Structures are given as structure tokens and as C-alpha cells.
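Comments concern the structure below.
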Amino acid sequence: MTQLLIQGGPIILMLLACSITGVFIIVQKVLFFKFHFFQFQKTIQIVKDRLLSFGTKETLLYFRSDRTIPVQMLMSSIKLQASARDEIQDGIRESLYHQIPKLEFMMPILSSIITAAPILGLTGTVLGLMDIFNVISGGSIGDSQALSAGIAKALVTTVVGLIITLPFIFFYQYFSQKIEHSLLELERISYEIIHFCHSNEAIKH
7 MTQLLIQGGP
17 IILMLLACSI
27 TGVFIIVQKV
37 LFFKFHFFQF
47 QKTIQIVKDR
57 LLSFGTKETL
67 LYFRSDRTIP
77 VQMLMSSIKL
87 QASARDEIQD
97 GIRESLYHQI
107 PKLEFMMPIL
117 SSIITAAPIL
127 GLTGTVLGLM
137 DIFNVISGGS
147 IGDSQALSAG
157 IAKALVTTVV
167 GLIITLPFIF
177 FYQYFSQKIE
187 HSLLELERIS
197 YEIIHFCHSN
207 EAIKH
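Residue numbers (the working numbering): 7 to 211.
Pasting the structure below:
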């Protein structure tokens, strides 16, 4: 590790910072989705059971402190269930819009890391080649140590940049699909709970 830092210089330190930040974002997103969507279907059933047992007012009161995204969407939809069709659609669309920043939190940073890491690697390559040309132009072409240091910098930073970028690309695509799927599911359950309220006359309002 120390040798790698010596060979790559400041570029390696920047790539290391990118790597640590990227890993932190991945862990954060995994924990985020686990917290909000781990018992997704069970949450929907609990809300339906409370609606049947206690009615809309008591259900809204019971879940008012729950900050998980599915519950927030369900509560917003329950409040809309007595509205006109167009108002329901607009209300659900607005509720989804407010959830997008939570779902996409830190995703732009991960995207920037994916873009920046290979560029930093190429920057290290250029700097390494410049060191090699400086050695040659200085008449020290026989200085194998100086030449090898330049070659090492040229190769190491590019390799490290690519190693960092490749797994982050897959994670970014995974989380992007996860976000898109979550939004579709949130929209689905919003209409589902409204239909549930309309189709069960026993629910107290």
C-alpha cells in the first residue's frame, strides 16, 4: 500500500478518497433501502388492518410519526381518498415528487466519482509520461530508477482508476433500477390503498 502511494503520488490519494466515498455511499444506500422497504408488503397489510379496525382518522394518527417512505405515501393517499379523481392523481404525483430527493440522495455524487476516477487515472498517466520525457530530455536515459518511477506512475493510476470505476458502475445501475422500481411500487400502493378505502364501506372516516 505504501509503495502504491509512493508510485502514484497525489493522484492515488485522490483516487483513494473517491473509493472511500463511493463505498460509504453504497453502504448508505443499502441501509436506506433496508430501512424503508424491508417489510414493504407487511407494512401495507398493517395499514389495511388498522383502517378496517379503527378507521382513517385513527390510522392517520397512529402512523403520524412513522417516517418510512411507503407509510408516508400511504398516509398521503388515505387523505386523498375522498377527493375527485383528478385531485387524487395530482396528489399522488406530488407525493411521489417529494420522495424522489430521498431516494436519489447521494446518487449524483456516486455518478461524479464514476466519471472522475478514470479521468484522474489518465491524469496520472500523463504526469507519469511527462516524468519519463523529463528524464530522457535531461540526458538521464540510463537512469533506470527514474524511468521506472515514471512508468509506474503512468500505469498504476490508470489501473487503480479503472478498478475503482468498474464496480461503482454496476452499483450505480443497480440503485438506479431500484429507485425506478420503488417509485412504481409507491405509485401502485397509493392507488391500491385508495381503492381499498373505496371498496370497504365498513371503514370509518
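C-beta: ideal position from N, C-alpha, C; glycine also.
All values derive from a computational prediction rather than experimental measurement.
Do the CB positions of residue i and residue j come within less than 9 angstroms of each other?
i      : j      : result
Ser182 : Met113 : yes
Leu57  : Phe202 : yes
Leu161 : Gly134 : yes
Gly28  : Lys210 : no
Pro76  : Ile195 : yes
Phe41  : Phe111 : no
Met79  : Leu102 : yes
In terms of alpha-carbon separation, which member of the options lies closest to residue i?
i      : options                           : result
Gly97  : Ile209, Glu193 and Lys54          : Glu193
Cys24  : His201, Lys210, Thr171 and Tyr180 : Thr171
Pro173 : Ile32, Leu135 and Ser83           : Ile32
Lys85  : Phe44, Leu66 and Tyr178           : Leu66
Leu22  : Pro124, Gly134 and His201         : Pro124
Lys54  : Thr163, Ser83 and Phe44           : Ser83
Gly15  : Tyr178, Ile157 and Tyr180         : Ile157
Ile17  : Thr163, Ile115 and His204         : Thr163
Val199 : Glu64, Met20, Gln51 and Arg73     : A small fix is needed here, since residue 199 is Ile in this sequence, not Val. Looking at the Cα atoms, Gln51 is the closest of the given residues.
Lys184 : Phe30, Leu19 and Val36            : Val36
Gln34  : Met136, Ile115 and Glu207         : Ile115
Tell me, please, whether the CB atom of residue i is closer than 9 angstroms to any CB atom in chain C?
i      : result
Tyr103 : Reference to chain C is not applicable here, since this structure consists of a single protein chain.
Return yes when the C-beta of residue i is under 8 angstroms from any heavy atom of the ligand MN, and no when it is not.
i     : result
Gly15 : The ligand MN is absent from the structure shown, which contains no ligand whatsoever.
Does DSSP put residue i in a helix, in a strand, or in coil?
i      : result
Gln87  : coil
Gln45  : coil
Asp92  : helix
Phe2   : Outside the displayed span of the chain (7 to 211) sits residue 2, for which this structure offers no information.
Glu207 : coil
Original post:
How about the stretch 119-135 and the stretch 187-194: do they share at least three Cβ pairs that are nearer than 8 angstroms?
Top reply: Touching, no.
Original post:
Between the stretch 77-95 and the stretch 117-128, do three or more beta carbon pairs fall short of 8 angstroms?
Top reply: No, they do not touch.
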